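Asks: Provided herewith is a single structure, encoded as structure tokens, for subsequent inquiry.
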Amino acid sequence: MNEDLPGTQIFREIDLITALEIAAIPIVATILILVIQRALNWLGQRLYGQRRLTLLALVPLLRLLIGISAIILIVPLVIETSLQNMVAVLGTVGIALGFALKDYASSLIAGVVAIGEKTYRNGDWVRIGDHYGEVIHVGMRTVELVTADDDRIVIPHNRLWNDSIVNSNDGKPRLQCVADFYLHPDHDADLVRSMLKDVALTSPYLHLDLPVMVVIKERPWGTHYRLKAYPVDSAQQFRFVTDLTVRGKAVLSHQGVRFAATTAIPNVDATA
Numbered sequence: 064m065n066e067d068l069p070g071t072q073i074f075r076e077i078d079l080i081t082a083l084e085i086a087a088i089p090i091v092a093t094i095l096i097l098v099i100q101r102a103l104n105w106l107g108q109r110l111y112g113q114r115r116l117t118l119l120a121l122v123p124l125l126r127l128l129i130g131i132s133a134i135i136l137i138v139p140l141v142i143e144t145s146l147q148n149m150v151a152v153l154g155t156v157g158i159a160l161g162f163a164l165k166d167y168a169s170s171l172i173a174g175v176v177a178i179g180e181k182t183y184r185n186g187d188w189v190r191i192g193d194h195y196g197e198v199i200h201v202g203m204r205t206v207e208l209v210t211a212d213d214d215r216i217v218i219p220h221n222r223l224w225n226d227s228i229v230n231s232n233d234g235k236p237r238l239q240c241v242a243d244f245y246l247h248p249d250h251d252a253d254l255v256r257s258m259l260k261d262v263a264l265t266s267p268y269l270h271l272d273l274p275v276m277v278v279i280k281e282r283p284w285g286t287h288y289r290l291k292a293y294p295v296d297s298a299q300q301f302r303f304v305t306d307l308t309v310r311g312k313a314v315l316s317h318q319g320v321r322f323a324a325t326t327a328i329p330n331v332d333a334t335a
């Protein structure tokens with residue numbers, strides 16, 4: 064085989080000057096990154112509001128750009144820049160990236176499925192794993208939620224493959240809310256059910272066109288009441304549940320109904 068043919072040698076022969084250049088590029092890049100980080104952080108401490116946040120957000124972006132620029136400068140010093148060599152190198156890099164980014168590709172495919180099947184849309188209230196919030200953005204790779212605590216959560220779409228997605232309103236303006244009450248077993252269940260229903264019917268947040276329901280389940284420690292109703296708007300769900308809970312407790316306490324407590328739980332096997 065003739066080793067003098069062009070393109071048969073991928074890597075350049077590195078002399079002393081080239082080695083110094085290769086060593087200098089990451090050193091200069093590191094110094095530049097440190098200087099930029101310190102300068103922007105120093106400047107950010109003297110700004111306020113959105114301008115400060117925008118400036119600080121530039122730090123990782125500039126760090127990434129400097130790192131990519133350093134790689135672009137080093138590659139021609141190490142590799143013979145022929146078409147054959149570049150195709151071979153890019154093919155190797157592509158295979159490595161394919162393995163490294165398989166989860167990214169999985170999220171992209173799941174995003175297409177989620178958008179096509181309308182698993183969640185903007186304005187839906189969904190639970191994904193331990194996170195519950197309103198969908199504010201459905202991207203190609205991730206879905207963004209805002210929780211009741213005003214936290215922004217970014218979740219990759221590939222959670223679709225393994226997790227159950229609970230959609231509370233499924234593109235509709237109505238969302239069912241539940242207020243729980245745990246009562247001592249010694250009470251008039253029919254009277255309590257009627258009182259809780261009146262509590263929901265007199266709430267200023269209630270959507271009157273949809274039914275109010277009280278579900279009762281007997282437990283070893285007492286009686287569990289679930290007051291189900293719909294607010295006018297899904298964004299009012301937390302205020303609605305709070306209103307039902309506060310006024311429900313007040314009405315029950317006024318009627319002398321006792322709530323379940325640790326001292327009221329009988330000493331029996333819970334599985335009996």
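Plus 63 on top of the position in the sequence shown (first one is 1) and you've got this note's numbering.
Idealized CB from N, CA, C, for every residue including glycine.
On a predicted model such as this, the values are computed, not experimentally measured, just so you know.
Can you find the residues in the same chain that come closer than 7 Å, C-beta to C-beta, to residue 209, ignoring five residues on each side of it along the sequence?
Replies: Excluding residues within five positions, the ones whose Cβ falls inside 7 Å are 196, 197, 199 and 215.
Asks: Could you give the first and the last residue of the continuous beta strand (DSSP E) run that contains residue 84?
Replies: No beta strand (DSSP E) holds residue 84; the alpha helix (DSSP H) holding it covers 79-107.
Asks: For residue 278, I'd like the list of residues in its chain whose CB is within less than 7 Å of its CB, leaving aside the five on either flank, ordered along the chain.
Replies: The residues are 289 and 291.
Asks: Within the continuous beta strand (DSSP E) that includes residue 286, where are the two ends?
Replies: Per DSSP, residue 286 belongs to the beta strand (DSSP E) from 285-292.
Asks: Using CA coordinates, which residue listed in 126, 117 and 225 is at the minimum distance from residue 94?
Replies: Per the Cα distances, 126.
Asks: Taking the CB atoms as reference points, tell me whether residue 88 and residue 137 lie closer together than 8 Å.
Replies: Against a cut-off of 8 Å, the Cβ pair of residue 137 and residue 88 comes out as a contact.
Asks: Here's the rule I'm using: 16 or more other beta-carbon atoms within 10 Å means buried, otherwise exposed. How should residue 102 be labelled?
Replies: Residue 102 is exposed by the Cβ-count criterion.
Asks: Output yes or no for whether 8 Å exceeds the beta carbon distance between residue 206 and residue 220.
Replies: Their beta carbons are under 8 Å apart, which means residue 206 touches residue 220 by this criterion.
Asks: Quick check: the Cα distance between residue 301 and residue 159, rounded to an integer number of angstroms?
Replies: Going by the C-alpha atoms only, they are around 47 Å apart.
Asks: Could you name the residues of the same chain whose beta carbon sits closer than 7 Å to that of residue 270, not counting the 5 residues immediately before and after it, in chain order?
Replies: Cβ neighbours of residue 270 beyond the five flanking positions: 237, 293, 294 and 295.
Asks: How far does the alpha helix (DSSP H) with residue 244 in it extend, from its first residue to its last?
Replies: From DSSP, residue 244 is part of no alpha helix (DSSP H) but of the beta strand (DSSP E) over 240-246.
Asks: Could you round the C-beta distance between residue 118 and residue 124 to whole angstroms and report it? I think they count as a contact, below 8 Å.
Replies: With 8 Å as the limit, residue 118 and residue 124 do not qualify as a contact, their Cβ atoms being about 11 Å apart.
Asks: Give every residue of the same chain whose Cβ lies closer than 8 Å to the Cβ of residue 331, excluding the five residues on either side of it in the sequence, and list them in chain order.
Replies: Low per-residue confidence applies at residue 331: pLDDT is 44, beneath 50, and the placement is therefore not dependable, though the value from the model is reported in the following sentence. Contacts found: 283.
Asks: Which class does residue 305 belong to by DSSP, given the choice of helix, strand or coil?
Replies: Helix.
Asks: Would you call the segment 306-321 and the segment 241-256 in contact, with 3 or more CB pairs under 8 Å?
Replies: A contact exists between the segment 306-321 and the segment 241-256.
Asks: Any idea what DSSP makes of residue 208, helix, strand or coil?
Replies: DSSP places residue 208 in strand when its eight states are reduced to three.
Asks: Measuring CA to CA, which of 235, 223, 250 and 134 is closest to residue 322?
Replies: Of the listed residues, the one whose Cα sits closest to residue 322 is 250.
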